[in-house]
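Order-wise, the sequence lines are chains B and Y. Position one of the first sequence corresponds to residue 3 (the numbering used here), numbered consecutively onward. Position one of the second sequence corresponds to residue 421 (the numbering used here), numbered consecutively onward. We put the CB at the ideal spot given by N, CA and C, even for glycine.
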Amino acid sequence: AQSVTQLDSQVPVFEEAPVELRCNYSSSVSVYLFWYVQYPNQGLQLLLKYLSGSTLVKGINGFEAEFNKSQTSFHLRKPSVHISDTAEYFCAVSDPDYGGSQGNLIFGKGTKLSVKP
Amino acid sequence: DAGVTQSPTHLIKTRGQHVTLRCSPISGHKSVSWYQQVLGQGPQFIFQYYEKEERGRGNFPDRFSARQFPNYSSELNVNALLLGDSALYLCASSLWKKEQYFGPGTRLTVT
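As structure tokens, then:
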């Protein structure tokens, strides 16, 4: 079965510092990869996605992620964070049993990013 | 344009009761998916509907059911509620096989 591991449950960082949120997935077949952000008491917002092509994916709010097939990783990065980036971040993969769909997502447990002034 | 809307925003039920949650997709989206997010966990896939047919089902008991209407809105029903059903229920809509857009969720508390 597919699984997603987010290696850090909480990441504290100071404002304007760089940050990396780590994500590993288990799959022997091609999957689609996603990062979502969840602000308190809100639903999920898509930050970026990898479907194919360039392994470096740029998303909204200055975030980017790199797909590494050999390490089955999809880490999220931002060179300089703001207070407003404080939120919970979820890595997700599409379930390959549903072939080609970006739905039926399998999520990690989330990483809480806390940006301090 | 309106995003995905869900109702109600919050509700409290007692064990053994039944609950119906509602979702209206983004205009033009014909696919709706439901997820359960227990506190401290990532969302778990429950169902996907497309063109009023079930296209996917996660590992949830038969107490959970859903349907999609001709206007592509959807309902999630849960029977015989258990304390463990307390969660944020998220609805997402999409064009078929395209990225999902999530609603704000319905917070269900079972006492």
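Neighbours of residue 524(Y) in chain B, taken as residues whose beta carbon is under 7 Å from its own, are 44 and 45 in chain order. At least one CB of chain B lies nearer than 8 Å to the CB of residue 462(Y). Close CB contacts of residue 36(B) within its chain, under the 6 Å cut and outside five residues either way in sequence, are with 51 and 94 (chain order). In the structure shown, the three-state DSSP call for residue 491(Y) is coil. For a cut-off of 8 Å, the C-beta gap from residue 80(B) to residue 21(B) is around 5 Å, short enough to register as a contact. Setting aside the 5 residues that flank it on each side, residue 74(B) is surrounded in the same chain by 26 and 27, each with a C-beta closer than 6 Å to its C-beta; the list follows chain order.
When the alpha-carbon of residue 454(Y) is set against those of 529(Y), 438(Y) and 508(Y), the nearest one is in 508(Y).
If you look at residue 473(Y), you'll find it in the beta strand (DSSP E) that goes 473-477. Contact between residue 89(B) and residue 12(B) does not hold, since the beta-carbon distance rounds to 12 Å and is not under 8 Å. In this structure, residue 502(Y) keeps its C-beta atom at 8 Å or more from the C-beta atom of residue 45(B). Pairing residue 499(Y) with residue 483(Y) gives a Cβ-Cβ distance under 8 Å. Nearest CB-CB separation between residue 456(Y) and chain B: not below the 8 Å threshold. Residue 422(Y) and residue 495(Y) have their C-alpha atoms spaced approximately 19 Å apart.
By alpha-carbon distance to residue 57(B), the top candidate from 34(B), 47(B), 43(B) and 38(B) is 34(B). Between the alpha carbons of residue 66(B) and residue 59(B) lies a gap of roughly 5 Å. The alpha-carbon of residue 447(Y) is positioned some 14 Å away from that of residue 471(Y). Residues of the same chain with a CB within less than 6 Å of the CB of residue 522(Y), apart from the 5 flanking positions on each side, are 510 and 512 in chain order.
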